[in-house]
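As structure tokens, the structure follows; a few thoughts come after it.
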Amino acid sequence: MAPLVEMRNIVKIYSNGVIANNGIDFQIEKGEIHAIVGENGAGKTTLMKILYGSEQPTSGEILINGEPVIFKNPLDAMKKGVGMVHQNFMQIPSFTAAENVVLGHEPTRGISLDKKKAVEETRKLSEQYGLLVEPEAITETINVGMRQRIEILKILYLGAEILIFDEPTAVLTPQETHDLFKAVRVLIEKGKTIVFITHKLREVTEISDRVTVMRNGKIMGTLKTADATREGLARMMVGREVFLDIHKQPLKRGRKVMSIKDLSYVSETGRTMLRDLSFNLYEGEILGIAGVEGNGQTELVEVLSGLRAPASGSALVGETVITAKTPREVRQAGVAHIPEDRLSNGLSLSASIDDNLIVDRFFKPPFKKGVIIDHKVVEDNGKRLIRQFGILTPNGELPVSSLSGGNMQKVVVAREFSSNPKILIAAQPTRGIDVGATEFIRDQLVQKRTDGTAVLLVSADLSEVMSLSDRIITMFEGQITGVFPEASKVTEEELGYYMLGIKRQTAEEMEALL
Amino acid sequence: MKKFFSNPTIREGLRILLAISSALVLGFIITLFVSEDPIGAYRAFLTGPFTRFNRFGDWIEESITLILVGLSVAIAFKANMFSLGTQGQLVLGALVSGVIALYVPLPTILRVPLALVCAMVVGFIWGWIPGYLKANLDANEIVSTLMLNTIAIKLYDYLLVFYIKPKDAGYNVSAPFPVEGQLPSFVPNLPFLNKVYTLFTTNTNITIMLYIVVLAVVVAYYLVFKTPFGYKLRMIGSNMKFARYGGIDTKMTTILVFAISGVFGALAGAHMTMAIQHSIITNISVSMAFEGIIVAILARNNPLYIPLTGLAYGYLRAGANIMERSSDVSREMISIIQALIILFVTAERILPTVQRVIEERKEQNATKERSLPAGGSNEH
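Chains A and B, in that order, give the protein sequences. Under this note's numbering, read the first sequence as residues 6 to 519, first letter to last. Under this note's numbering, read the second sequence as residues 893 to 1272, first letter to last.
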């Protein structure tokens, strides 16, 4: 019997000459969960975009149930039952869940939207597939997990048989991920077929039936998940051995370098995002902050790096107060910052790599010579950092926008690490970048720790926090709910309870450990 | 040859030439329809500035103004500030330099520098205002600069009509500037240069502003591309959040960008009164400051290319004036050709998008061709 989907010899060359897919043969069997893994730029997303019609292949063909099809746009694909659950939800925040589910294909009564029918349909689908959604809730007020379920219902409403998920767990908490996987299993029971793109090998082994590994626009192999190991998959992805376990030297905690006292922050809209936070950072120690996104981590990092002023409380580096100071003053005090949103904060995409590497030092000698900036010094600085951090580029004069995601992050890391900070704040340092760059950046963080830098690590990737940190703090609704002095001795589930505020340590319990 | 074209300066030059010459060709086609003697009219247009010495002078004088307003606009645009304040800065620069040229009883060697410096200071201050509003109150710079332009123009008119204009004058014009208040010719009045000096002074108003404008271009180029301030300017222009994150004082940089842009605008105003008009007149700049936007955009906001685009655009304007006077083609027609140039420049920016669409079409068709036979064979 023919596979449900067969993609034959797919080649995709973008107009800028990039070969995203290079002769790909790919099959999906009915009723399976098929994971696609690979580094950034390996061509996974392009292949799936071709499958659901948002990109057209340069050559090659697609067969569904043995019949050749041509998808000129996603609507064509939808008609054949292929739908995509996007990573960035395509929803209108002010609409209700039901309105978003039927968006674009609304049931109508006369010329007006039949709201009752929309709600009914949504409820029906929701119950049928075990995807819990409140049809009448306003989308912007509900959590990410439910918004993702709306996205799934949207394509089920249009009759999708094959559901493509693009990194569905990137935005979810461990508990929400668990719920999603439960829902995925229900979908399979009901006869649907699932393809999902991911970076996380743990998820591959947890849920998929088969896994396809892509590298450099080609398929390196498709195997039964039961036969695959994480190490083996990682090796296929990057073409070399990857150490998923981080090797670090035993903790040598030095002096206290930063102390944060009763820090509170109130947002422009009047919400209290941080409530009386107090903790210390020590030389040679990585302090990890675990928390579901949106529980104040972003605000904490921005207050500590000078981008926001706190409502009350303070942070001191040695004897110097660094809160309510300018970012320049904070940097001068020895704080470096890898920002969470590298594209909007950490880089200027249209400026050259060289220019991006000097934003924190252009005004100091040897960069500034008399009244001008010494071009030669800027160029040498770029050359040195490009080499040292393995940034893949022909030269430093190219704009940062010409780099891949992983290499863009390396530019940020190169700049922040090379300023010899006393304190390094790393927010989501490896989010959305490939395995090779992730490994490199983690190694560099550990290296900084060995060199005696105090590191504050904020990451949505719980396994990253757990494997890199020496000490972990959990945050929930702007408060510290727990502190774990030995990161290696706590389980993911345990952290999860504190991250969701189900469990809390008392102030007395925490005091000595912060 | 390949190397020649890969040089960015040369490519940029060719690009500008291409935009302008395409517009000229279209302009000629239009002239064919509206003129009895299209070739004569177009010849007047294209060669006009070289047919008489005074016309050559007109071209250079106008180009100097265009280059200065172009620099003013380019500095703001490079920082991604859509400032339209050049008009007001120009008008106030003209007013202040004119007043000093008229009333301050000093010899040329002191009066002229004083007038220029005061104009620049006023331009700086007048630029500071929208910069301050933008940086501290997030006031939209388009609105604030346009409003400030109106204030500047009306203030200029008010002072001219009620205080500066001689009581018995029939027009709203000041008394002519004494010779000490006029910019001296760019040719030094030395015995062995006597002939050249006379030639230029009797036919043209090309003054020492020629040297100042060269200096202004160099200063602007260095300021934008070589100094720490220029680095800040380019970073706030390319990503304001990144600049702030990196420790740049974005507020002060924003304010200074507007203020420095004002210096160049005011210099243009001083040039118009002290070199060209030799008096303070109403409507000194009808649209000159806005022409600066075209000059800046053509030069991609790079001060180094602005002399090129300023001279080219100035040539078109000078030629257009001559065509208007010496043929049956109307002023409106000339405006159309100028508008065409703007269109071609913007079209040049649209081109990459068009190319992409065409390629996508091609790819789609190719897919169809390849897939169809396969589909056909399946049916059999």
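Positions of the beta carbon are idealized from the N, C-alpha and C atoms, including for glycine. Owing to the predicted nature of the structure, the values given are computational and were not obtained by experimental measurement.
For E11 (chain A), the enclosing beta strand (DSSP E) stretches over residues 10-18. The beta carbon of G387 (chain A) is closer than 7 Å to those of I358, D359, L362, G401 in its chain, skipping five residues each way along the sequence.
Among the residues of chain A, those whose CB is under 9 Å from the CB of D1141 (chain B) are T331, R333, following chain order. Contact note: P1120 (chain B) reaches chain A through F367, F368, K373, I378, using a C-beta cutoff of 7 Å and chain order.
The straight-line gap separating the alpha-carbon atoms of I143 (chain A) and H110 (chain A) is approximately 19 Å. As for any alpha helix (DSSP H) of minimum length 4 sitting wholly inside the segment 1028-1099 of chain B, the runs are 1033-1051, 1086-1095, ordered along the chain.
The C-alpha of V124 (chain A) lies about 10 Å from the C-alpha of L130 (chain A).
Straight across, the Cα-Cα distance linking P1068 (chain B) with G1023 (chain B) is about 35 Å. In this structure, the beta-carbon distance from R1209 (chain B) to E954 (chain B) falls below 7 Å. At a cut-off of 7 Å between C-beta atoms, A356 (chain A) counts as an interface residue with respect to chain B. Annotation: Cβ neighbours of G351 (chain A) in chain B (cutoff 8 Å, chain order): F1134, Y1137.
L136 (chain A) places its beta carbon 7 Å or farther from that of L168 (chain A). A:I160 is the residue among A:G48, A:I193, A:G293, A:I160 whose C-alpha sits nearest the C-alpha of F94 (chain A). Excluding residues up to 5 positions away in sequence, F1236 lie with their Cβ nearer than 7 Å to the Cβ of S914 (chain B) in the same chain. Looking at the DSSP output, N285 (chain A) sits in a beta bridge with A:S264. Straight through space, the alpha carbons of K1059 (chain B) and P999 (chain B) are spaced by roughly 26 Å. In this structure, F76 (chain A) keeps its C-beta atom at 7 Å or more from the C-beta atom of G88 (chain A).
Neighbours of R336 (chain A) in chain B, taken as residues at a C-beta separation under 9 Å, are given in chain order as G1138, G1139.
At a Cβ-Cβ threshold of 7 Å, G962 (chain B) and I1198 (chain B) count as neighbours. In the DSSP secondary-structure assignment, I33 (chain A) is bridged to A:V10. Shown in chain order are the members of the segment 1106-1117 of chain B whose Cβ falls below 8 Å from a Cβ of chain A: Y1114. Counting C-beta pairs with one atom in each stretch, the segment 482-497 of chain A and the segment 460-474 of chain A have three or more that are closer than 8 Å, which means they touch. In this structure G977 (chain B) is not in contact with F1156 (chain B), their Cβ atoms being roughly 11 Å apart against a cut-off of 8 Å.
Counting only unbroken stretches of 4 or more residues, the alpha helix (DSSP H) elements lying wholly within the segment 83-147 of chain A are 102-106, 120-134, in sequence order.
Between A432 (chain A) and V340 (chain A), the C-beta spacing is not below 7 Å. Shown here for Y1207 (chain B): same chain residues with a beta carbon closer than 8 Å to its own, the five before and five after excluded, namely P941, W951, S955 in chain order. Residue-level contact by beta carbon fails for N972 (chain B) and chain A, as no gap is shorter than 7 Å. In the three-state DSSP reduction, M151 (chain A) falls in the helix class (H, G or I). Legend: CB atoms of the segment 1045-1058 of chain B lying less than 9 Å from CB atoms of chain A are not found in any residue. Along the segment 297-322 of chain A, the positions whose C-beta sits under 9 Å from a C-beta of chain B are S310, G311, L312, read in chain order. Here T210 (chain A) carries a helix assignment [DSSP, helix/strand/coil].
Identification of chain B residues near V364 (chain A) by a Cβ-Cβ cut-off of 9 Å yields Y1123, M1127, F1134, A1135, Y1137, G1138, G1139, I1140, ordered along the chain.
Chain-order list of chain B residues neighbouring P344 (chain A): Y1137, by C-beta distance under 7 Å.
For P404 (chain A), the secondary structure class from DSSP, reduced to helix, strand or coil, is strand.
Of the candidates B:A1231, B:I1147, B:R907, B:D1220, B:I1147 places its Cα closest to the Cα of L1029 (chain B). According to the DSSP secondary-structure assignment, H39 (chain A) is paired through a beta bridge with A:V200, A:R215.
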